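Undergrad: Before I ask anything, let me first share the structure, which is written out below as structure tokens.
Numbering (the working numbering), first residue to last: 1 to 287.
Now the structure itself:
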């Protein structure tokens, strides 16, 4: 097919197609008179490019997607996380604006400063624990006993208790934050629940997806959950919340509250201390 025919078929313009050619995204054949010839595979590729542009991916992102050999699902997952991040940022800005309008005599600078700090917290999250490197052997390396101080002592019992407390049912939507390889979230599949698994680690998500393809795996973290408001019937998180800085735990709980339905359930299984003295003692023992 010639370029005008392709443009008409895909409801775009010849100029747009030439632009993608200039950017190196497509490489149509050329006839002896220098007309562009598009084979079926080129048309399908162009259709994919147009689709990715519609969901907000830049030409550079699309080119990277096509060149680095990773699965399209991986890039779609990251694009979804980016869009959710943008959505949360817009919501924060609107809420701050509403407050400014409601009390115009208040300190606008302080409200703007709070908004900036909130934005930085959501964006500053990084994997400081190298979970990508742990993903493949995580379940094998998980230490549950035999140590003076063991973060995962009683791990299996804690997961079972969380599973029982949620009491999931058919058709419910559950969100497991810090799903890792799926040890907790996967348990709810047998109840007929839809599970959204969120993790900061792409490798953990890949392992989880390979074991439990039914789980909707999403890249994200406690301070920026890629889930719509009030859409979760229940939330679980196991041995993950302690990774959140103390000053950010309130924001993490607010994020959970945002996505949880009014009648939803939340169960957190994690390491806990009775008081600061016990925390200090165990920290010394673990050195």
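We put the beta carbon where it would ideally sit given N, CA and C, even for glycine. Owing to the predicted nature of the structure, the values given are computational and were not obtained by experimental measurement.
To the nearest angstrom, how far is it from the Cα of residue 152 to the Cα of residue 100?
TA: By one-based count along the chain shown, residue 152 stands at place 152. By one-based count along the chain shown, residue 100 stands at place 100. About 46 Å.
Undergrad: Quick check for students: name the residue ranges of the alpha helix (DSSP H) that lie wholly in the stretch 214 to 275, counting only runs of 4 or more.
TA: Counting only runs of 4 or more, we get 249 to 259.
Undergrad: Pick helix, strand or coil for residue 43, following the three-state DSSP scheme.
TA: Along the chain shown, read from residue 1 onward, the residue named residue 43 stands at position 43. Helix.
Undergrad: Could you tell me the alpha carbon to alpha carbon distance between residue 165 and residue 186, rounded to whole angstroms?
TA: For the purposes of this step, residue 165 is taken as residue 165 along the chain shown, with counting starting at 1. For the purposes of this step, residue 186 is taken as residue 186 along the chain shown, with counting starting at 1. Approximately 15 Å between the Cα atoms of the pair.
Undergrad: DSSP has residue 199 in a bridge; who is on the other side?
TA: On the chain shown, residue 199 is found 199 positions in, with the first residue counted as 1. Residue 199 pairs with 219.
Undergrad: Closest to residue 314 by CA distance: which of 177, 59 and 97 is it?
TA: There is simply no residue 314 to check, as the chain begins at 1 and stops at 287 in what is shown.
Undergrad: According to DSSP, simplified to helix, strand and coil, what is residue 176?
TA: What you label residue 176 is simply residue 176 of the chain shown in a count that begins at 1. In this structure, residue 176 counts as strand in the three-state DSSP scheme.
Undergrad: Just tell me which of 170, 270 and 5 has its CA closest to the CA of residue 36.
TA: Sequence index remark: in the chain shown, residue 36 carries index 36 (1-based). Out of 170, 270 and 5, 5 has the C-alpha closest to the C-alpha of residue 36.
Undergrad: Find out if the Cβ-Cβ distance for the pair residue 125, residue 79 is shorter than 8 Å.
TA: The residue labelled residue 125 in the question sits at position 125 within the chain shown. The residue labelled residue 79 in the question sits at position 79 within the chain shown. In this structure, residue 79 does not lie closer than 8 Å to residue 125 by Cβ.
Undergrad: Given a cut-off of 8 Å, decide if residue 81 and residue 218 are closer than it, judged by their beta-carbon atoms.
TA: Residue numbering aside, residue 218 sits at position 218 when the chain shown is read from its first letter. Residue numbering aside, residue 81 sits at position 81 when the chain shown is read from its first letter. Against a cut-off of 8 Å, the Cβ pair of residue 81 and residue 218 comes out as a contact.
Undergrad: Roughly how many whole angstroms lie between the Cα atoms of residue 212 and residue 112?
TA: The residue you call residue 212 lines up with position 212 of the chain shown. The residue you call residue 112 lines up with position 112 of the chain shown. Distance between the alpha carbons of residue 212 and residue 112: 43 Å.
Undergrad: Leaving out five residues on either side along the sequence, give the residues of the same chain with a beta carbon under 8 Å from the beta carbon of residue 228.
TA: The residue given as residue 228 occupies position 228 in the chain shown. 259.
Undergrad: At the level of alpha carbons, what is the spacing between residue 274 and residue 136?
TA: Along the chain shown, one-based indexing puts residue 274 at 274. Along the chain shown, one-based indexing puts residue 136 at 136. Between residue 274 and residue 136, the C-alpha separation is close to 34 Å.
Undergrad: Comparing alpha-carbon positions, which option in 119, 102, 181 and 158 lies nearest residue 139?
TA: Sequence index remark: in the chain shown, residue 139 carries index 139 (1-based). If we check each option's Cα against that of residue 139, 181 comes out closest.
Undergrad: So for residue 30, helix, strand or coil by DSSP?
TA: Numbered from its first residue, the chain shown carries residue 30 at position 30. Reduced to three states, the DSSP call for residue 30 is strand.
Undergrad: Tell me which residues share the same chain as residue 191 and place their Cβ nearer than 7 Å to its Cβ, disregarding the 5 neighbours each side in the sequence.
TA: The residue labelled residue 191 in the question sits at position 191 within the chain shown. If we look at residue 191 and ignore the five residues flanking it on each side, its Cβ neighbours are 168, 169 and 170.
Undergrad: Would you call residue 172 buried or exposed, if buried means 16 or more other Cβ atoms sit within 10 Å of its Cβ?
TA: Residue numbering aside, residue 172 sits at position 172 when the chain shown is read from its first letter. By the neighbour-count rule (16 or more Cβ atoms within 10 Å), residue 172 is buried.
Undergrad: With distances taken from CA atoms, which of 184, 230, 214 and 176 is nearest residue 197?
TA: Numbered from 1 along the chain shown, position 197 holds the residue referred to as residue 197. Looking at the Cα atoms, 176 is the closest of the given residues.
Undergrad: Under 8 Å by Cβ, that's how I've got residue 10 and residue 42 pegged, so tell me the actual separation to the nearest angstrom.
TA: For this step, residue 10 is matched to residue 10 along the chain shown. For this step, residue 42 is matched to residue 42 along the chain shown. With a Cβ gap of about 11 Å, residue 10 and residue 42 do not count as contacting.
Undergrad: Just reading off the alpha helix (DSSP H) that residue 212 is part of, what are its end residues?
TA: Taking the chain shown and counting its residues from 1, the one referred to as residue 212 is at position 212. Segment: none, residue 212 is in no alpha helix (DSSP H) and carries neither H nor E.
Undergrad: Would you call the stretch 234 to 252 in contact with the stretch 264 to 273, where contact means no fewer than 3 C-beta pairs closer than 8 Å?
TA: With a cut-off of 8 Å, the stretch 264 to 273 and the stretch 234 to 252 count as touching, because enough Cβ pairs lie within range.
Undergrad: Of the residues 15, 23, 30 and 21, which one's Cα is nearest the Cα of residue 1?
TA: As a position in the chain shown, residue 1 is number 1, starting the count at 1. Comparing Cα-Cα distances from residue 1 to each of 15, 23, 30 and 21, the minimum goes to 30.
Undergrad: Distance check for residue 276 and residue 76, CA to CA, integer angstroms please.
TA: Reading the chain shown from its first residue, position 76 is the one you call residue 76. Reading the chain shown from its first residue, position 276 is the one you call residue 276. Going by the C-alpha atoms only, they are around 43 Å apart.
Undergrad: Residues bridged to residue 18 by DSSP?
TA: Walking along the chain shown from the start, residue 18 turns up at place 18. Its beta-bridge partners do not exist; DSSP assigns none.
Undergrad: Excluding the five sequence neighbours on either side, which residues of its own chain have a C-beta within less than 8 Å of the C-beta of residue 291, listed in chain order?
TA: Outside the shown range of the chain (1 to 287) lies residue 291, about which nothing can therefore be said.
Undergrad: Between which two residues does the alpha helix (DSSP H) holding residue 91 run?
TA: In the chain shown, residue 91 corresponds to position 91, counting from 1. Start and end: 72 to 102.
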